[in-house]
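Protein chains in written order, with the numbering used here: chain A, 1 to 142; chain B, 1001 to 1142; chain C, 2001 to 2142; chain D, 3001 to 3142; chain E, 4001 to 4142; chain F, 5001 to 5142.
Glycine included, each C-beta is placed from N, C-alpha and C at the ideal position.
Notes follow once the structure below has been shown.
Protein chains: 6
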Amino acid sequence: MIYVTRKAHFNASHRLHNPGKPDDWNRRVFGKCNNPNWHGHNYVIEVTVAGEPDEETGYVIDLGELKAIIKEKIIDSCDHKNLNLEVPFLQGIIPSTENLCRAFFYEIEKPVNNTASKGAKLYSVKLYETERNMAEYCPNRG
Amino acid sequence: MIYVTRKAHFNASHRLHNPGKPDDWNRRVFGKCNNPNWHGHNYVIEVTVAGEPDEETGYVIDLGELKAIIKEKIIDSCDHKNLNLEVPFLQGIIPSTENLCRAFFYEIEKPVNNTASKGAKLYSVKLYETERNMAEYCPNRG
Amino acid sequence: MIYVTRKAHFNASHRLHNPGKPDDWNRRVFGKCNNPNWHGHNYVIEVTVAGEPDEETGYVIDLGELKAIIKEKIIDSCDHKNLNLEVPFLQGIIPSTENLCRAFFYEIEKPVNNTASKGAKLYSVKLYETERNMAEYCPNRG
Amino acid sequence: MIYVTRKAHFNASHRLHNPGKPDDWNRRVFGKCNNPNWHGHNYVIEVTVAGEPDEETGYVIDLGELKAIIKEKIIDSCDHKNLNLEVPFLQGIIPSTENLCRAFFYEIEKPVNNTASKGAKLYSVKLYETERNMAEYCPNRG
Amino acid sequence: MIYVTRKAHFNASHRLHNPGKPDDWNRRVFGKCNNPNWHGHNYVIEVTVAGEPDEETGYVIDLGELKAIIKEKIIDSCDHKNLNLEVPFLQGIIPSTENLCRAFFYEIEKPVNNTASKGAKLYSVKLYETERNMAEYCPNRG
Amino acid sequence: MIYVTRKAHFNASHRLHNPGKPDDWNRRVFGKCNNPNWHGHNYVIEVTVAGEPDEETGYVIDLGELKAIIKEKIIDSCDHKNLNLEVPFLQGIIPSTENLCRAFFYEIEKPVNNTASKGAKLYSVKLYETERNMAEYCPNRG
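Below you can see the structure in the form of structure tokens.
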């Protein structure tokens, strides 16, 4: 099994806020991350595809095509955007790093699996919110 | 001459917008950086002090005290904040990387010079907006 | 399954030495790492917690609370310390990167599991001794 | 289970080209990576060994010995070389990142397993072709 | 004075070789860098422009325009190319890091100066051949 | 003028302590850096040489020879050593980052100037004590 990873970047604003809860709950639970005037991050995303390399190309997936999928599905939707207000597939979720990487996984799963070599599949999506905070969605690892 | 540098981080939202100009001018000049719903960055700041080390301590400046000045004057004011709306000493300027590093220089110049060893002075402030975009304010370099 | 990671740093001195063996065995096996006058490192630790995000917060674990646990249990005990002489929970072990990351895992396991969202658990502790040398303790991965 | 990793670097030229296919197929499939005048990379390799630390040394593997194996088997063969023309154990494969990391794994597997502590084994080889493109060969992970 | 920097990347093959000297001189002076089958690098370039920010935009130079100049003049000419054979403006020079950064400076100087704000000028070009080897051309620094 | 830089690493223990002062002065001034049981760092050193490239080689200095000088004069003396006790040319100085980079400069100045191309000279020595703390000795910059 070979795991191929492509890294990309986007810059966005967000705010941690559960609209089903009162404001003081949000302020207590999320602290400065709940700032109603927003804050933001340089997000780094790493997408990993697992499978066997195609014999004719040596590729598990053409990384140029993987780069194009990440750009079309994630970067173009999220870069220089407000993640709470402006990204259709993130509506209704709290944009924690955990929830974002899971949403990104399902947003790209189908095009990635259709593009990868025979039998290869999307394996994980990692998202760095800062150099020190990261979440990874990897539904099939032991 | 010895140059001592301390690095720090903060996360903020901002928007490039000149309120003295019409909206279409702002959209054309600043592009996606003009998004009215804000975007954000993990800013990295590097503060450099130049001088001779004190003979008793070997320090141009105590980096613990420099860290405390950066924290009090910049991080506490800017971290998880909206740079256009919430930072008193940034009011009235367009928060480009260039303008931010110059404003940060003058915000910390006096406490840094008062804390550094005899004759040592604040030399430059570098600000990384992303890993690829950086500005440095260094008023006395040739 | 989502894996959330928090990174932290500390600087310490140490020496690889097995006190149950003669000095020439130690010099031969550990080489320059056996220097009786100590050497040191900027250690980087990455702590990963695995589980499902809490529905109300979107958190597998509040990274602010995870940061506080790492600080209280590891950074405050090890930073600017001698790992062979001054850290109670490291007494009696050879401070190789392997042994350190395992000891750190068990030092934080209980508070991490008590703090994480329902069902989430400490998954791994990685420790970088240098940029090129790293060990990870991950008892439940396949 | 503890996972120990050692990182190394080499600089090489290569070209993606399947000699069993016509030139226009190669140009279409591999694009600029098919340039007949070659291009090159600063490759970064990370080798991971999994096992239990030896009780007398605290080592899963002596990282100095692992460094020496990587140097003898991979760096000395590949550094400042043309990967298509000059590396005996890469002959007959397309030097994609996927194929390279798998070839490196089998090139070092026997000496690593002979050197590691009792029961420890080579676990994975990661290869970064650029900071954004990476492949990992890890035959036994779930 | 404010210094604004933009970073970019390209991957290329090259060979250090002075065609006016005999082969054994080249082998002795350049060692493995003289390999006739080429080797390669992931080059990182940093371009710095110095000046005063424009009052209406806050920019010393629009970094999007600087990015476009670097792409057109350097990345499109050098990426996935052989620096000895395929880059018109590098013909006749030995592609050492020193010579490359100087050639890049003069290749972009005019368009950068025409694009920057009033009075701002290209200040330096840095080129990293590897993470450990770098050259900077900065003709006007004291 | 071209500035060529080579980076290297070493790991050492040290302690900030002025033996001409009482213990309580040292504890108050240096805090945890005064720990009598030592602490340590992964130091990163960057050596910069300034001059014109030699016409026959394209080199300001052969980086292989610069690497060898740094290894012989600094790495072999300091790596896995105690900087207060075991490095002859550091005796009698407080091993602050400031004092270390200045001492390293004068330790390598003569061999670097003798090895560099005609007219080229050692320009600066930077020393990172941690990723966040750095000092540079650069006696001739404006």
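| Query | Result |
| --- | --- |
| Any Cβ of chain C within less than 8 Å of the Cβ of A/Ser96? | yes |
| Within the same chain, show all residues whose beta-carbon is closer than 6 Å to that of D/Arg2976, passing over the 5 residues directly before and after it, in chain order. | Residue numbering for chain D in the displayed model covers 3001 to 3142; residue 2976 of chain D lies beyond these limits and cannot be assessed. |
| Does DSSP classify E/Glu4098 as helix, strand or coil? | helix |
| Note down, in chain order, each residue of its chain lying with its Cβ closer than 7 Å to the Cβ of F/Asn5026, except the 5 sequence neighbours on either side. | His5017, Asn5018 and Asn5034 |
| Is the beta carbon of B/Ile1108 less than 8 Å from the beta carbon of B/Val1060? | no |
| My understanding is that B/Thr1048 touches B/Thr1005, with C-beta atoms under 8 Å, so please give their C-beta distance in whole angstroms. | 5 Å |
| Candidates A/Pro36, A/His14 and A/Ser13: which alpha carbon is nearest A/Asp24's? | A/Pro36 |
| Closer than 8 Å, Cβ to Cβ, to anything on chain A: give me those residues from the stretch 2033-2044 of chain C, in chain order. | none |
| According to DSSP, simplified to helix, strand and coil, what is E/Glu4136? | strand |
| Need the endpoints of the beta strand (DSSP E) that D/Val3049 sits in, please. | His3039 to Gly3051 |
| When the distance is taken between beta carbons, is C/Leu2083 closer than 8 Å to C/His2014? | yes |
| Once you ignore the five residues that flank D/Asn3113 on each side, which residues in its own chain have a CB closer than 7 Å to its CB? | Lys3121 and Leu3122 |
| Give me whichever residues DSSP pairs with C/Lys2071 in a beta bridge. | Per DSSP, none; premise fails for C/Lys2071. |
| Just reading off the alpha helix (DSSP H) that F/Arg5028 is part of, what are its end residues? | Asp5023 to Phe5030 |
| Determine the DSSP secondary structure at E/Asn4035, reduced to helix, strand or coil. | coil |
| Taking only beta-carbon positions, decide if B/Leu1085 is within less than 8 Å of chain A. | yes |
| Rank B/Gly1119, B/Ala1012, B/Arg1141 and B/Gly1040 by C-alpha distance to the C-alpha of A/Cys78 and give the top, closest one. | B/Gly1040 |
| Quick check: C/Asp2076 and C/Ser2117, are their CB atoms within less than 8 Å of each other? | no |
| Under the rule that 16 or more other beta-carbon atoms within 10 Å means buried, what is E/Glu4131, buried or exposed? | exposed |
| Nearest to F/Thr5097 by CA position, among F/Gly5020, F/Asn5042 and F/Lys5021, is which residue? | F/Asn5042 |
| Does any residue of chain C have a CB that is nearer than 8 Å to the CB of F/Ser5013? | yes |
| In whole angstroms, what is the alpha-carbon distance linking B/Leu1127 and C/Arg2141? | 40 Å |
| Grab the span of the beta strand (DSSP E) containing D/Arg3006 for me, first residue to last. | Ile3002 to His3014 |
| Compare the C-beta of D/Thr3130 against all C-beta atoms of chain H and say whether one is closer than 8 Å. | Among the protein chains in the structure shown, which are A, B, C, D, E and F, there is no chain H. |
| List the residues of chain B that E/Arg4006 touches, going by C-beta distances under 7 Å, in chain order. | Arg1132 and Asn1133 |
| Of all the options D/Ala3050, D/Gly3092, D/Phe3105 and D/Val3029, which has the alpha carbon lying nearest to the alpha carbon of A/Leu63? | D/Val3029 |
| With distances taken Cα to Cα, identify the nearest neighbour of D/Ile3070 among D/Ala3135, D/Pro3022, D/Thr3115 and D/Gly3020. | D/Thr3115 |
| Would you mind stating whether A/Lys67 and A/Ala12 have Cβ atoms separated by less than 8 Å? | no |
| Select from C/Pro2095, C/Phe2104 and C/Gly2092 the residue whose C-alpha is nearest the C-alpha of C/Phe2072. | Reading off the sequence, residue 2072 of chain C comes out as Glu, not Phe. C/Glu2072 has its Cα closest to that of C/Phe2104, out of C/Pro2095, C/Phe2104 and C/Gly2092. |
| Does B/Arg1092 come within less than 8 Å of chain E when only Cβ atoms are used? | Residue identity differs from the one stated: residue 1092 of chain B is Gly in this sequence, not Arg. With 8 Å as the cut-off, B/Gly1092 does not count as an interface residue toward chain E. |
| Bridge partners for D/Lys3121 per DSSP, in chain order? | D/Ala3050 |
| CB E/Ile4093 to CB E/Ile4074, shorter than 8 Å? | no |
| Do you know how far the Cα of D/Val3125 is from the Cα of C/Pro2095? | 26 Å |
| Does the Cβ of D/Gly3051 have 16 or more other Cβ atoms within 10 Å, making it buried, or fewer, making it exposed? | buried |
| Check each residue of the stretch 2102-2113 of chain C: if its Cβ is closer than 8 Å to any Cβ of chain F, include it; give the result in chain order. | none |
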